[in-house]
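Order-wise, the sequence lines are chains G, H and R. For the first sequence, position 44 matches number 44 in the working numbering, and the numbering has no gaps at all. So the mapping is simple: the working numbering equals the position in the second sequence, first residue as 1, plus 362. So the mapping is simple: the working numbering equals the position in the third sequence, first residue as 1, plus 842. Think of the CB as a built atom: it goes at the ideal place given N, C-alpha and C, for glycine as much as any other residue. On a predicted model such as this, the values are computed, not experimentally measured, just so you know.
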Amino acid sequence: MTPADIMAPSRAELAVLAGQPSPRELYKYSPLSKWIPESLAGVLHKEISTSFATKWPDEIRSFFRIFDHVHDPLLRIFLRTLEPQLWQEVQGHSLFSKTALSLSPGGIVSGFQIRPEISDSFFNLKLDFQEIEAPAQPSITGFLVWVGEGISADVCLEIISDPRKAHSVLILVVAEKDSRTDLNLIISGSGQVRCNTFVSLAGPAARAHLRSVILSSPSSHHDLHNWVQHRAPETESNQTVRLLGAKDSTSVFSGQIVVENSAPRTTAYQSAKGLLLDEGAFVYMRPFLEIYHDDVKCSHGCTTGFLDPEQLFYLRSRGISESRARQELTEAFVREVFSSVGSVIQREYLNSALKHILNTCM
Amino acid sequence: MENQLILEDYLKSDYKYGFETAIATETIPPGLNEDIIRLISHKKNEPEWMLEKRLKAFKIWQRMPEPDWAKLSIEPVDFQSLIYYAAPKAKPALQSLDELDPEIKATFDKLGISLEEQKVLAGVAVDAVVDSVSVATTYKKKLAELGIIFCSLSEAIREHPDLVRKYLGTVVPERDNFYACLNTAVFSDGSFVYIPKGVRCPIELSTYFRINTMNTGQFERTLIIADEGSYVSYLEGCTAPMRDENQLHAAVVELIALDHAEIKYSTIQNWYPGDKNGRGGIYNFVTKRGICKGPHSKISWTQVETGSAITWKYPSVILKGDHSVGEFYSVALTRNFQQADTGTKMIHLGANTRSVIISKGISAGNSQNTYRGLVKFSASARGARNFSQCDSMLLGSHCGAHTFPYIESNCPSAVVEHEATTSKISDDQLFYLRQRGLDMEKAVGLVVNGYCREVLQQLPMEFAVEAQKLLSISLEGSVG
Amino acid sequence: MSKKLLEIQNLRAGTEDKEILRGISLAIQPGEVHAIMGQNGSGKSTLAYVLAGKPGYEVFGGSVWMNGKDLLSMEPEERAGEGLFLAFQYPVEIPGLNMSTFLRHAVNEVRQYRGLDPLDAKNFLKLVREKVQELGLSSDFLKRAVNAGFSGGEKKKNEILQLLLLEPSLVILDETDSGLDLDALKQVTEHILRLKSPERSFLIITHYPKLLEYLKPDVVHVMDDGQILCSGGWEVVKDLEEHGFENIRQSVLNAP
């Protein structure tokens, strides 16, 4: 499949365009202005509605067209400010027999080089905004994960937010025919971060599993927006999300599943659960379904609440103290997300990362 | 495959009741300004405070932007070309039922509407309905004995100004939204209900009155107050096709339930949805909201929405009293080019408050059907619970079904459970029924009715039967 | 007379607004097997929950002594440490929490309560693997999440596994026979039989006599409407089998 094949928006997509949520809707719980570097604020006002990256060669532009009708202001700004030479770097990285890379618009994340650990089968990255030297202003960091035909890709991303400034992370996934993408994400830290994940299942029978854990610390603001688009027949997506709300923290999950008219026999599932640990925690959930074909199986389940008293009693009746039982159940609540990770190495990696964070921060 | 073809074929059919009737009305010039509002208030013989309320709302409205966030594509409304007052002076257009389009007559019969009511609905000369009116009068007397006030809002403003002043606009303040604000400025008329302390209203209000409460105009306003320990069930609309010349309907309904009171509000909406190409049809932009003010109070909304070109409404409950209960049961059926964006808001403020949301969307043809709902727990809503189930069914491959729940929790001891599914109508179920000899049309009707059962059984008995028929008829088309 | 392991005196308890147990008294000596039979809703499971200290149940009156200590004032985990073990009728699923983590915490916290040193990882694993094998469970059982996706038989076996590891002095089996086919029931019963010892007592809650045929209770209590209708030996079970519950109730009520 060439980029041109997956470029032209369908009729249904154009219809979607007409009913797009406004930036106000998309950024309801976290004002957009917070996430935009001052140097780029002007771009938002002037050029947000125009097509991005006009300075890019046609080939690259047409590739990104796949996200053309996604009206996310941050995505727009990001794509607009990308420098053409980055594309060359993209081509240089070989992963999943196609391309996966990190794209940072020049100059926004100063002094920060992303060095993902890349192998043939996985891509692990820790993005610790607290360790980045003096980020003068909010930054936008983007990743493109392009999964070629028949390829399996495992991506793990750990994001640690920074109390000094709000940062945003964009993850763009293009999945071609018969590919499998597992995207595992852990957000933690004591600051503010917004992560926007855009997944386009562009080829028939492409599958994606998005697993996300959002941990919070007192006063943190963590915001995860998944946008999963089914463009081709027999595509499959699965989203599992767990949120932990600490005292005075704000945690947001917004997960949109869009099934285009061009994607019959699609299945799409989403399970989102939030646990409010303390008074003063805010948890917002928006599990959205947008369906334009009747031959689909889609469902979502979403809960917020507290630790299950039955589980708590079960552990205590086996002699485990209440505080230990709470701790174990809280950890179990988030670990459940990664129980379906196929690769043992990946699963261990994720669980140990989780354990480390829970032991040090919670 | 065959199923698919037949489905697509018959889902394209036209609304059966889109007939137009010339009605003589006493009107004022089109357009909206302070003078028009003064004129409306004057013609309705309103007290000064009501006029002030209207003018204040109008001032606010002028500065408000038209909302655009819903998933609807709306042709802009020219507010200056609308006529804001039309006295309900309907003149019969037909002399007898024999003149009625036989197809419409058949629909009335299918719905099981009495001859008397048919005449009124079809605009036949009303002398013949004296019987119904007298039935209504009898009930009115009975209600008065119990201390129940049930009258038009205009009458209530004149006769019961204290009650109206105390509660009007307290649940939906004029600033609430663009259309509610416009409604406050120009509302024509509507119903007023007051149930005194401890009284259980013995009849379903408006079942026997729906004839009289028609023609309340495009800016309807309803206010229902259930005093401590009282109960009322209110029915709005009817299954029969509603003809109307007004393009925009921006009604406001306010419900107030005091300690241990219960209000059950049922709606069947079947306004003209436009033709099969999406031309014409009503814009139904309604603000409905209730407040469970006292402890242990309960408000229950049930709606069956099949009409209108565009429906945009969210009957909501503010759960303020501890242990209060809010319910929302909805069936929304769209076809051809209809668009519906409907759902509810459950705002939990009180401790141990409970809410239930059951929504069933059915979209067919080229229609777009959206559930949008908010469940919010404030920090004070200790021990609160919500359960939501939002299902969508798609008939045919050109329609859209969307689910947009918003869940906001700031209370660790509150629990939300939300589930949603989207799927096509089951081929297996259809085949099973057809194998047993039912035609496609009946099979679809039965499956859809079964799918909506949870909601329909919330309706008062006779209303539920009508609603079932309505769903089947709405899905009826060129099959067989 | 030997020291009583458990003594329940005129226990009245229930949920917030409803008294379910209306004056229960019974005493269990070390090594004894007691059975409680009764129809659904008679209060059998409530008794088990109240003894184990389930939140949501309230005690309105009476007392319960275990090893001479006031059981009702203890936290659920203290009761477990004291040697009380409840095998649940419907063990709750805990996705995300794996079996070995769970068991390690339980074993070591109970040991700590009893003044024993915690087991190190090596010894713990050795012990657990041994018991897992004994129960005929597969070795990856310990890697699974607690009860999540377990079959009915696996759940019951998991309860037995915990029983083996925590070495309680009083075992309450709440309808352990429910949801098991005959083969599984036999297996589970055999494991329980092996656990019988002069120091360990059992309180078996059931409404089928089948399980009791294997376990041979010393005392059988018939419970009805939150009270003990009658108590006796094996003859009570036979009576129940032959004449049915309703007859026993009538004869007790009509007795002078």
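- Only those residues of the region 1059–1077 of chain R whose C-beta falls short of 9 Å from the nearest C-beta of chain G would be listed, and there are none.
- The C-alpha of H230 of chain G lies about 14 Å from the C-alpha of L210 of chain G.
- Excluding its 5 nearest sequence neighbours in each direction, I399 of chain H has C-beta neighbours in its own chain below 7 Å: R416, L417, F420, A547 and V548, listed in chain order.
- In this structure, N714 of chain H sits away from H760 of chain H, with a CB-CB distance that is not shorter than 8 Å.
- Counting C-beta pairs with one atom in each stretch, the region 330–341 of chain G and the region 801–820 of chain H have fewer than three that are closer than 8 Å, which means they do not touch.
- In this structure L1053 of chain R touches I1046 of chain R by the C-beta definition: roughly 7 Å separates them, less than 8 Å.
- Under the DSSP definition of a beta bridge, S139 of chain G lacks any partner.
- Taken through DSSP and simplified to helix, strand or coil, F441 of chain H comes out as coil.
- If only uninterrupted alpha helix (DSSP H) runs of at least 4 residues are considered, those enclosed by the region 941–1000 of chain R are 941–955 and 963–976.
- For Q730 of chain H, the closest of H:H780, H:I769 and H:S670 by C-alpha to C-alpha distance is H:S670.
- Annotation: Cβ neighbours of A948 of chain R in chain G (cutoff 8 Å, chain order): L315, R318, G319 and I320.
- Comparing alpha-carbon positions, the option among H:I586, H:V594 and H:W411 lying closest to R520 of chain H turns out to be H:W411.
- Proximity of N196 of chain G to chain H, defined by a Cβ-Cβ separation below 8 Å, is not satisfied.
- The C-beta distance from N698 of chain H to G758 of chain H rounds to 11 Å, too long to meet the 8 Å contact threshold.
- C-alpha of T732 of chain H to C-alpha of V145 of chain G: approximately 32 Å in a straight line.
- Under the 10 Å beta carbon count, G895 of chain R is surrounded by 16 or more other beta carbons and is classified as buried.
- The Cβ-Cβ distance between Q130 of chain G and I160 of chain G falls below 8 Å.
- With 16 or more neighbouring CB atoms inside 10 Å of its own CB, T303 of chain G falls in the buried class.
- Minimum Cα-Cα distance from S168 of chain G among the listed residues G:S317, G:Q256, G:P73 and G:R207 corresponds to G:P73.
- Using a Cβ-Cβ cut-off of 8 Å, A281 of chain G counts as an interface residue toward chain H, since at least one Cβ of chain H sits closer than that to its own.
- Segment contact: the region 1014–1032 of chain R against the region 940–957 of chain R, fewer than three CB-CB distances shorter than 8 Å; contact not assigned.
- Considering only H:G723, H:H780 and H:A623, the residue with the shortest C-alpha distance to R747 of chain H is H:H780.
- Secondary-structure assignment with DSSP links I159 of chain G through a beta bridge to G:L127 and G:I187.
- In the structure shown, the three-state DSSP call for P918 of chain R is helix.
- Only R324, A325, E328, L329, E331, A332, F333, V334, R335 and E336 from the region 324–336 of chain G bring a Cβ to less than 9 Å from some Cβ of chain R.
- E590 of chain H carries a coil assignment under DSSP once its states are collapsed to helix, strand and coil.
- Taking the beta carbon of P264 of chain G as reference, no residue of chain R falls within 9 Å; the closest one sits roughly 31 Å away.
- For the set G:S30, G:I36, G:L125 and G:G150, the Cα lying nearest the Cα of G203 of chain G is the one of G:G150.
- Under DSSP, F253 of chain G forms a beta bridge with G:L224 and G:M285.
- Distance from S550 of chain H to Y447 of chain H at the Cβ level is roughly 7 Å; contact confirmed, criterion being Cβ atoms closer than 8 Å.
- Against chain R, the beta carbon of S339 of chain G has neighbours under 8 Å at P937, G938 and A987, listed in chain order.
- Among the residues of chain R, those whose CB is under 7 Å from the CB of E310 of chain G are V934, following chain order.
- Shortest Cα-Cα distance from E858 of chain R to any of R:D1019, R:Y899 and R:E849 involves R:Y899.
- Of all residues in the region 769–796 of chain H, the ones placed with a Cβ closer than 9 Å to any Cβ belonging to chain G are I769, E770, S771, N772, C773, P774, S775, A776, V777, V778, E779, H780, E781, A782, T783, T784, S785, K786 and I787, in chain order.
- The alpha-carbon of G904 of chain R is positioned some 8 Å away from that of I850 of chain R.
- Between A963 of chain R and chain G, the shortest Cβ-Cβ separation is not below 8 Å.
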